[in-house]
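S.K.: So the sequence shown is numbered by numbering that gives the first Met the number 0: it starts at 0 and just counts up by one.
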Amino acid sequence: MFRLLLGLLLFPVSLAGVARAFPEMQQQNLHAPDLKGRAWLNTEKPLESWKKDLKGHVVLLDFWTYCCINCIHVLPDLRALEEEFKDEAFLVIGVHSNKFEQEGEARNIRQAILRYDIRHPVVVDDEHRIWRGFGVRAWPSFVLVDPEGYVLGGLSGEGHLELLRSVIRRVLDEHRSKGTLADKPLRPELLQPEPTLLRYPGKVLAHGENVFVADSSGHRLLEVDGADGRVLRVFGSGEAGHRDGEASQAQFRNPQGMAVYGEWLYVADTDNHRIRRIHLQKGTVDTVAGKGKQARPLPKPGKPMETDLNSPWALEIVGDQLYVAMAGSHQLWLIDLKENQLQSAAGSGRENIVDGPASVAQLAQPSGLAFLNGKLYFADSEVSAVRFLDLEKKEVGTVLGTGLFDFGDRDGGPEVAQLQHPLGLAIWKQQLLVADTYNGKVRSLDPKTRTSKTLFGGEDQDLQFWEPGGLDVSGDTLYVADTNNHRILAIDLRSKAWRVLLGGMISAAPPDDSDQEKETESESAKEDKS
Numbered sequence: 000m001f002r003l004l005l006g007l008l009l010f011p012v013s014l015a016g017v018a019r020a021f022p023e024m025q026q027q028n029l030h031a032p033d034l035k036g037r038a039w040l041n042t043e044k045p046l047e048s049w050k051k052d053l054k055g056h057v058v059l060l061d062f063w064t065y066c067c068i069n070c071i072h073v074l075p076d077l078r079a080l081e082e083e084f085k086d087e088a089f090l091v092i093g094v095h096s097n098k099f100e101q102e103g104e105a106r107n108i109r110q111a112i113l114r115y116d117i118r119h120p121v122v123v124d125d126e127h128r129i130w131r132g133f134g135v136r137a138w139p140s141f142v143l144v145d146p147e148g149y150v151l152g153g154l155s156g157e158g159h160l161e162l163l164r165s166v167i168r169r170v171l172d173e174h175r176s177k178g179t180l181a182d183k184p185l186r187p188e189l190l191q192p193e194p195t196l197l198r199y200p201g202k203v204l205a206h207g208e209n210v211f212v213a214d215s216s217g218h219r220l221l222e223v224d225g226a227d228g229r230v231l232r233v234f235g236s237g238e239a240g241h242r243d244g245e246a247s248q249a250q251f252r253n254p255q256g257m258a259v260y261g262e263w264l265y266v267a268d269t270d271n272h273r274i275r276r277i278h279l280q281k282g283t284v285d286t287v288a289g290k291g292k293q294a295r296p297l298p299k300p301g302k303p304m305e306t307d308l309n310s311p312w313a314l315e316i317v318g319d320q321l322y323v324a325m326a327g328s329h330q331l332w333l334i335d336l337k338e339n340q341l342q343s344a345a346g347s348g349r350e351n352i353v354d355g356p357a358s359v360a361q362l363a364q365p366s367g368l369a370f371l372n373g374k375l376y377f378a379d380s381e382v383s384a385v386r387f388l389d390l391e392k393k394e395v396g397t398v399l400g401t402g403l404f405d406f407g408d409r410d411g412g413p414e415v416a417q418l419q420h421p422l423g424l425a426i427w428k429q430q431l432l433v434a435d436t437y438n439g440k441v442r443s444l445d446p447k448t449r450t451s452k453t454l455f456g457g458e459d460q461d462l463q464f465w466e467p468g469g470l471d472v473s474g475d476t477l478y479v480a481d482t483n484n485h486r487i488l489a490i491d492l493r494s495k496a497w498r499v500l501l502g503g504m505i506s507a508a509p510p511d512d513s514d515q516e517k518e519t520e521s522e523s524a525k526e527d528k529s
């Protein structure tokens, strides 16, 4: 995620006269503004007031937006803090201050909470009131507030677990000795997922007569009959983790993109920061790249098993090379499968949309790949763009898209057409098919004329997607991972007829925002309505 606040100011050792990360917080004894948002999730009641709802608690505010790979990266750190201080008067509160329009709706944030297994309260800050009140300028950012409601300091970015742990412990100890700490912690009331066969499937891959499905939040891979949707094989126990071996015992963690090379199915094991592979005959699983740690700041070339990766999200085979969309480092990488070497293919690691020589071009969270006529096309999600790497010239270009904050929902030529956080690509008859994820559409995009056209989805069609994340084509059949609807669709590209191949939920449409069992409207939102 693009960081508007580039510098990090760390919490001081002493809590007296604390320096603060944000310019608006230079004065001493600054009381935190109340948390007045649109709605609250993962809690039975709003937690707006520092004097009433949160009095006596050390609170870590996590300012996030669910598209942001950096925000996803810090979730394990937050879980570690929540586990360590679970019996203390400590609470994490997520402040969801959206970047994209789609992310501002509570029903979509609810799905992100369930998808990423977030276990703390989240306030919907769709108008950025809380964001502005704390002077935040980057995703993710953290602000620590003491039990008396005073801001202690803040920082932005990833990799601050040890610092946060140390400061939180110090604040708890100090206020325990002062007698200002609450006797017991607040226990959030968590959202409960609906029972579904699939859980947020992110990618799909057609292979022969069958289809492979990345059941991403189910932490497994499925092989499905492409005609009738029968589940033929399952790879992974369904428990998040990392384990090689037999299909039923193997473990993945949020698997996404897939590619077939010879007798192997390669898998982007995203949250494990690894590339795995499955033997298509034996069904056994092993690891071929990554050491299980997120690469910081950038992955370095070398032997695949000796190299840290950074959230690999999509895969594509070109000849003997496996290309990897390294979403976490804003790059494309490749593994030479013959020579067993891993190296960067495009992207400097800076997040933006800048074309040119591959080594200096700037990408923004590439999340989908497709190869056509010597060019590796990629869905560059954070700039709402479709771009390409010319493999012969080693240059990056752009088909559609202009900037980090330029997005919309429009067909037409390159001067007017806009996407919103696309995650998937496929090829059909020399055309690019685009999973325009946050617009809930599948679009065609002519790589020569750069003209975009909606094929499926939208309010005027009976086929409704909910943040589709992956596409693939076999013949004239388009397979779609309809992520938030927990289903895989098969669409005839000629007749436009469609069917659910696998999965689904009680209601294929997003739930009504007035669902009071799962969403708690804040007092400030009630006041706005009145």
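We treat Cβ as the ideally placed atom computed from N, Cα and C, and that holds for glycine.
Quantities reported herein were computed from a predicted structural model and do not represent experimental measurements.
1. Just to confirm before moving on: does the CB-CB distance between LEU308 and PRO298 stay below 8 Å?
2. Taking only runs of the beta strand (DSSP E) that begin and end inside the region 243 to 331, which ones reach a length of at least 3 residues, in chain order?
3. So LEU444 and GLN430 are supposed to be a Cβ contact under 8 Å. How far apart are they, rounded?
4. Use the C-beta contact count for ALA489: other C-beta atoms within 10 angstroms, 16 or more gives buried, fewer gives exposed.
5. Between which two residues does the beta strand (DSSP E) harbouring ARG232 extend?
6. Look up PRO553 in the DSSP assignment and say whether it is helix, strand or coil.
7. So which of GLY207, PRO200 and VAL259 has the shortest CA-CA distance to ARG613?
8. Are the CB atoms of ALA425 and ASP354 within a distance shorter than 8 Å?
9. In angstroms, rounded to a whole number, what distance separates the CA positions of GLN594 and ALA246?
10. Classify SER165 as helix, strand or coil using the three-state DSSP reduction.
11. Just to check my reading of the structure: ASP145 and VAL91 have Cβ atoms closer than 8 Å, yes? What is that Cβ distance to the nearest angstrom?
12. Within a Cβ cutoff of 7 Å, which residues of the same chain sit near ASP335, ignoring the five residues on either side of it in sequence?
13. With a cut-off of 8 Å on the beta carbons, I'd call VAL266 and ILE277 a contact; round off their distance for me.
14. Let's see if you can read the secondary structure: which residues bound the beta strand (DSSP E) around GLY132?
15. Look up ARG409 in the DSSP assignment and say whether it is helix, strand or coil.
16. Please identify the residue among LEU375, PHE406 and LYS44 whose C-alpha is closest to the C-alpha of LYS392.
17. Might you give, ordered along the chain, the residues of its own chain that have their beta carbon closer than 8 Å to the beta carbon of LEU403, omitting 5 neighbours on each side?
18. Check this for me: beta carbons of ALA357 and GLU305, under 8 Å apart or not?
19. For the beta strand (DSSP E) that contains ALA31, what are its first and last residues?
20. Going by Cα to Cα distance, which pick from THR448, GLY439, ARG232 and ARG275 is closest to VAL479?
21. Per DSSP, what kind of secondary structure is GLU222 in: helix, strand or coil?
22. Contact defined as beta carbons within less than 8 Å: I believe LEU46 pairs with PRO120. What is the distance between those atoms, to the nearest angstrom?
23. For the region 141 to 155 and the region 95 to 106, state whether three or more C-beta atom pairs, one from each stretch, are separated by less than 8 Å.
24. What residue from PRO296, VAL170 and LEU333 has the CA that sits closest to TRP312's CA?
25. When you compare only the Cα positions, how much space is there between ASP481 and GLU262?
26. Who are the Cβ neighbours of TRP49 in its own chain at under 6 Å, not counting the five residues just before and after it?
27. In whole angstroms, what separates the C-alpha of GLY282 from that of LEU264?
M.R.: With the structure as the only source:
1. When the beta-carbon positions are compared, LEU308 and PRO298 come within less than 8 Å of each other.
2. Listed in chain order, the complete beta strand (DSSP E) runs (minimum 3 residues) inside the region 243 to 331 are 254 to 260, 263 to 268, 273 to 278, 284 to 288, 311 to 317 and 320 to 325.
3. Indeed, because the Cβ distance is near 7 Å, the residues count as touching under 8 Å.
4. With 16 or more Cβ atoms within 10 Å of its Cβ, ALA489 is classed as buried.
5. Looking at the DSSP string, the run of the beta strand (DSSP E) that includes ARG232 is 230 to 234.
6. The first residue shown for the chain is 0 and the last is 529, placing residue 553 beyond what the model contains.
7. Examination of residue 613 is not possible in this model, given that the chain is present from 0 through 529 alone.
8. Not in contact: ASP354 and ALA425 (Cβ atoms no closer than 8 Å).
9. Since the first residue shown for the chain is 0 and the last is 529, residue 594 is missing from the structure and cannot be characterised.
10. Helix at SER165.
11. Wrong, their Cβ atoms sit about 15 Å apart, outside the cutoff.
12. Answer for ASP335: ASP319 and GLN320, listed in chain order.
13. Rounded to the nearest angstrom, the Cβ distance from VAL266 to ILE277 is 7 Å, consistent with a contact under 8 Å.
14. Run containing GLY132: none in the beta strand (DSSP E); it sits in the alpha helix (DSSP H), 128 to 132.
15. DSSP places ARG409 in strand when its eight states are reduced to three.
16. Considering only alpha carbons, the answer is LEU375.
17. So the qualifying residues of the chain are PHE1, GLU350, ASN351, ILE352, ALA363, GLU381 and VAL382.
18. Contact: no.
19. Following the DSSP letters along the chain, one finds ALA31 in no beta strand (DSSP E), marked with neither H nor E.
20. Comparing Cα-Cα distances from VAL479 to each of THR448, GLY439, ARG232 and ARG275, the minimum goes to GLY439.
21. In the structure shown, GLU222 sits in a strand (DSSP, three-state: E or B).
22. With 8 Å as the limit, LEU46 and PRO120 qualify as a contact, their Cβ atoms being about 6 Å apart.
23. Result no; under three Cβ-Cβ pairs closer than 8 Å.
24. Comparing Cα-Cα distances from TRP312 to each of PRO296, VAL170 and LEU333, the minimum goes to LEU333.
25. Answer to the nearest angstrom: the Cα atoms are 28 Å apart.
26. Contacts found: ALA31 and GLY148.
27. If you take the alpha carbons of GLY282 and LEU264, they lie about 10 Å apart.
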